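Chemist:
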Amino acid sequence: MKRKTRRLIFFFVTIGFLAMACAIVGSLVVGRGGGSLQLAAPKDLQGFVLSIYLNTRSGDLASPAGKDDAPVLFTIERGESLNAIANRLQSEKLITDPELFKRYLQYNGLDASIEAGDFELKQTMNIQQIAKELQEGRIAELNVRIPQGKRLEEIAASVAAQVPVAETELLSLLQDAGQWEASFEFLNDLPEGATLEGYIFPDTYSLARDKITARDVVLIALRNFDKQVTAEMRADLQAEGRTLYDAVRLASIVEREAAVEEERPAIAGVYFNRLQDGMALDADPTIQYGLGNTRDPNTWWPQITQEDYQGVDSAYNTYRNVGLPPSPIANPALASIRAAIYPEKHGYYYFRTSCNNDGTHRFARTLEEQIANECP
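The sequence shown begins at 26 in this note's numbering and counts up by one.
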């Protein structure tokens with residue numbers, strides 16, 4: 026009986042202590058720092074312990090990471106974890122303690138409500154202000170689509186028709202790869218005077234509606250290329266003694282030739298076989314690129330005739346010149362880039378449009394087979 030009484034006394038004393046502690050913490054939450062620390066009341070023992078920790082760090086929560094008041098565009102990607110967000114905030118010098126930032130959000134139930142988007146943050150904001158901005162301050166966005174398989178002039182015109190940027194300014198930035206090389210290592214193997222042809226990754230992008238610049242468009246597309254073309258893909262190229270620039274040049278031809286995605290590795294395999302054997306690529310799209318809109322001002326991809334194969338005097342004429350063209354001829358999608366890096370291994374050296382009118386091709390090992398595949 027005495028043991029049972031002692032247990033009851035201990036239980037009520039514990040409950041009383043916790044209630045008193047919660048009341049004390051509640052007063053600290055409201056009153057410490059002149060009301061600067063904003064925490065919800067703890068709901069359980071874990072929350073109670075966390076609230077004590079946050080109160081001991083109230084000074085850090087209320088202190089900004091730096092003195093630079095310049096706005097920083099901070100983008101949260103779809104599906105990005107809280108750990109990744111906190112670490113990037115630290116790398117951008119917007120917070121100094123990722124763990125404190127995470128604990129503050131978790132305690133206040135804000136960690137699950139952060140959505141993807143663009144946010145304007147400053148070093149002079151403290152953790153509480155940044156947390157609030159990530160909940161409420163998403164910048165109004167405008168979607169811009171960069172089409173695949175187009176050349177830079179077409180991309181500049183397409184983007185300028187979708188968002189308020191000057192076509193001429195955007196094209197000028199796209200045609201000068203040199204100014205971007207310091208920011209993107211994958212551009213370092215481009216020849217001097219190269220453009221960004223081939224590296225403007227086709228996708229749909231979200232940009233801040235009221236602050237879109239031509240430079241933003243280029244940056245977001247290059248960052249996406251850097252993300253999509255993985256380190257493993259680049260290492261596999263290097264292991265074979267090939268450069269990324271070679272792969273992008275090949276991918277751009279595949280992009281223009283392939284109408285069916287599943288055929289891209291096979292088409293890349295044909296061109297790879299021809300390159301390996303020192304044969305001319307015989308790719309019509311390269312001649313089209315060399316001609317541009319000189320033949321017809323209404324299109325960058327003019328019709329090619331039989332006479333053009335030997336008649337067009339251009340470094341991009343891969344009927345007259347052996348090897349890859351001097352530069353990429355379009356901006357390929359990831360499927361074409363992957364096909365160029367991992368071409369299908371087969372014995373084909375030729376292909377032509379099939380007679381099914383479905384965008385597929387017939388492949389041949391010899392010129393005789395190629396002629397036999399001609400539609401009746």
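The beta carbon of each residue, even a glycine, is placed where N, CA and C say it ideally should be. All values derive from a computational prediction rather than experimental measurement.
#1: Looking only at its own chain, which residues have a Cβ that is under 8 Å from the Cβ of Ile396, when we skip the five neighbours before and after it?
#2: Taking the beta strand (DSSP E) that Asn168 falls in, what are its first and last residues?
#3: Could you check where the alpha helix (DSSP H) with Tyr230 kicks off and where it finishes?
#4: Between the Cα of Val254 and those of Ala364, Pro216, Ala219 and Phe73, spot the shortest distance and give me the residue it belongs to.
#5: As an exercise, report each continuous alpha helix (DSSP H) stretch of at least 4 residues that is fully enclosed by the segment 282-365, in chain order.
#6: What number of angstroms, rounded off, separates the C-alpha of Leu75 from the C-alpha of Asp122?
#7: Can at least three beta-carbon pairs, one atom from the segment 168-185 and one from the segment 220-227, be found at a separation below 8 Å?
#8: Within a Cβ cutoff of 6 Å, which residues of the same chain sit near Trp326, ignoring the five residues on either side of it in sequence?
#9: Between the beta-carbon of Ala141 and the beta-carbon of Val190, is there less than 9 Å?
#10: Any idea what DSSP makes of Val188, helix, strand or coil?
#11: Leaving out five residues on either side along the sequence, give the residues of the same chain with a beta carbon under 6 Å from the beta carbon of Arg170.
#12: Please look up how many angstroms separate the CB atoms of Tyr88 and Asn151, rounded, as I've assumed it's under 8 Å.
#13: Might you give, ordered along the chain, the residues of its own chain that have their beta carbon closer than 8 Å to the beta carbon of Val279, omitting 5 neighbours on each side?
#14: DSSP on Gly203, reduced to helix/strand/coil?
#15: In whole angstroms, what is the alpha-carbon distance linking Gly41 and Asn80?
#16: Quick one: give me the first and last residue of the beta strand (DSSP E) that Asp143 is part of.
#17: Report buried or exposed for Ser138, applying the criterion of at least 16 other Cβ atoms within 10 angstroms of its Cβ.
#18: Is the separation between the beta-carbon of Lys127 and that of Gly91 shorter than 9 Å?
#19: Decide if Asn298 is buried, meaning its Cβ has at least 16 other Cβ atoms within 10 Å, or exposed.
#20: Around the C-beta of Glu105, are 16 or more other C-beta atoms found within 10 angstroms, so that it is buried, or is it exposed?
#21: Give the secondary structure of Arg397 by DSSP, where H, G and I count as helix, E and B as strand, and everything else as coil.
#22: Since Phe250 is in the alpha helix (DSSP H), which residue starts that stretch and which ends it?
Modeler: Straight from the coordinates:
#1: none
#2: Glu166 to Ile171
#3: First-last for Tyr230: Asp228 to Ala233, but that is the beta strand (DSSP E), not the alpha helix (DSSP H).
#4: Ala364
#5: DSSP runs (the alpha helix (DSSP H)) wholly in the segment 282-365: 289-301, 309-316 and 333-336.
#6: 16 Å
#7: Three or more Cβ pairs drawn from the segment 168-185 and the segment 220-227 lie within less than 8 Å of each other, which places the two stretches in contact.
#8: Gln313
#9: no
#10: coil
#11: Thr229
#12: First, the residue type needs correcting, since residue 88 is Ser and not Tyr in the sequence shown. Sure, about 6 Å apart at Cβ, within 8 Å.
#13: Only residues of its own chain outside the window of five on either side were considered, and among them Arg289, Ile292, Ala293, Tyr296, Pro357, Ser361, Ala364 and Ala365 have a CB closer than 8 Å to the CB of Val279, listed in chain order.
#14: Gly203 sits in a helix when the DSSP states are folded into three classes.
#15: Note that Gly41 scores 45 on pLDDT, short of 50, meaning its location in the model is unreliable and no value can be drawn from it.
#16: Gly142 to Leu146
#17: exposed
#18: no
#19: buried
#20: exposed
#21: The question names Arg, but residue 397 is Ala in the sequence shown. DSSP places Ala397 in helix when its eight states are reduced to three.
#22: Ala239 to Gln253
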